[in-house]
Amino acid sequence: MLNGNIIRFMRNNPTCTEQRRLSFILDVAGGLKYLHEKNVIHGDLKGANILVTPSGRACIADFGLSSLVLALTERFTESTARQAGTARYLPPELLRGERKRKDFSSDVYSFAGVSYEILTGKVPFFEFREEAAVLFKVLDGNRPSKPTSSLDTLCFDRLWNLFESCWKQEPEARPACFEIVKQLRDLSIQTTVTSADWDPSDTVKFRRSLQIEPTLVSVVELDRMIF
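Under this note's numbering, the first residue of the sequence shown is numbered 34, with each subsequent residue one higher.
Here it is in structure tokens:
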């Protein structure tokens, strides 16, 4: 995919409109909804794992890290957090060690962080360089501050309220993905016209391909595995 991940795309397209960014957010929500409907937990949702297709759709890529719910064995450790820089995206219950396994609610929490990154072009808690500082902020109940927006005030307030619901401290209080998609559509957010190079099932195709050929990482091979 020539556009690369969404971080690279935003860097190369600094004039990307907020409406386009909202379209990306809806794409990600739709992809995550599809995964959850298939009983798949992503477990590592962040901007670097969101690809932009040639037609300009956002598509979740998991690089083989997703887990089937019925066979979920991944356990969170301090070392994995350091390696992946995930304190900005992981929920407090995992950072605190209250839960050892990622689940649907932790994906939803991470979705809010990715959405913030897409909307602003900055990682959550961009003000802090050290992951340790971010970790303490999250554990203390802090979340990324509300940015300015050119969107209609009422629309942006509702969007931000959705993000905050995904960032809820209690996992059970976070919305399910189908609710997130519904709320985004209620805000009249539209996706880019569907193209043949994108389908919600691309994420599962990619995961299965990597299970068969886990060492393939080139862009050419990535396109082959999905398309």
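Don't be surprised by glycine CBs; every beta carbon is placed ideally from N, CA and C. Since the model is a prediction, treat every value here as computed from it, not as a measurement.
Hey, does residue i have any beta-carbon neighbour from chain C nearer than 8 angstroms?
i   : result
I83 : In the structure shown, chain C cannot be found, because there is only a single protein chain.
Whose C-alpha, out of the options, is nearest the C-alpha of residue i?
i    : options                : result
V73  : K135, S182, N45, I39   : K135
Y67  : A120, C92, V171        : C92
Q52  : F42, K155, D77, D185   : D185
R218 : K201, D60, K71, H69    : D60
F57  : P47, L84, V167         : L84
V141 : E131, K155, S88, P125  : P125
P180 : G154, K170, R162, F169 : G154
G37  : F211, C210, H75, G89   : G89
Y16  : R132, K215, N45, R176  : This structure cannot settle anything about residue 16, because the visible part of the chain is limited to 34 through 260.
L167 : F211, P87, A120        : Note that residue 167 is Val in the sequence shown here, rather than Leu. The candidate whose alpha carbon is nearest that of V167 is A120.
F42  : E164, N82, E70, G76    : N82
I40  : G64, R207, L78         : L78
G146 : G130, E197, E164       : E197
Can the beta-carbon of residue i be found less than 8 angstroms from the beta-carbon of residue j?
i    : j    : result
F158 : C199 : no
E150 : G80  : yes
C188 : A62  : no
L172 : L127 : no
Q202 : G174 : yes
Round the Cβ separation of residue i and residue j to the nearest angstrom and send it over; I've been treating them as touching at under 8 angstroms.
i    : j    : result
P204 : S138 : 4 angstroms
L152 : R54  : 5 angstroms
L195 : I222 : The pair is not a contact, with the Cβ atoms about 11 angstroms apart (cut-off 8 angstroms).
Check your understanding: Which whole runs of the beta strand (DSSP E) in the region 177-231 are 3 residues long or more, in chain order?
Key -> DSSP runs (the beta strand (DSSP E)) wholly in the region 177-231: none.
**Study point:** Uninterrupted beta strand (DSSP E) stretches inside the region 52-99 (no shorter than 3 residues)
**Key:** Given a length threshold of 3 residues, each whole run of the beta strand (DSSP E) inside the region 52-99 is given here in chain order: 83-85, 91-93.
Check your understanding: For the region 117-175, which segments carrying the alpha helix (DSSP H) assignment without a break, of at least 4 residues, lie completely within its bounds, in sequence order?
Key -> Fully enclosed alpha helix (DSSP H) runs of 4 or longer: 125-128, 137-153, 164-172.
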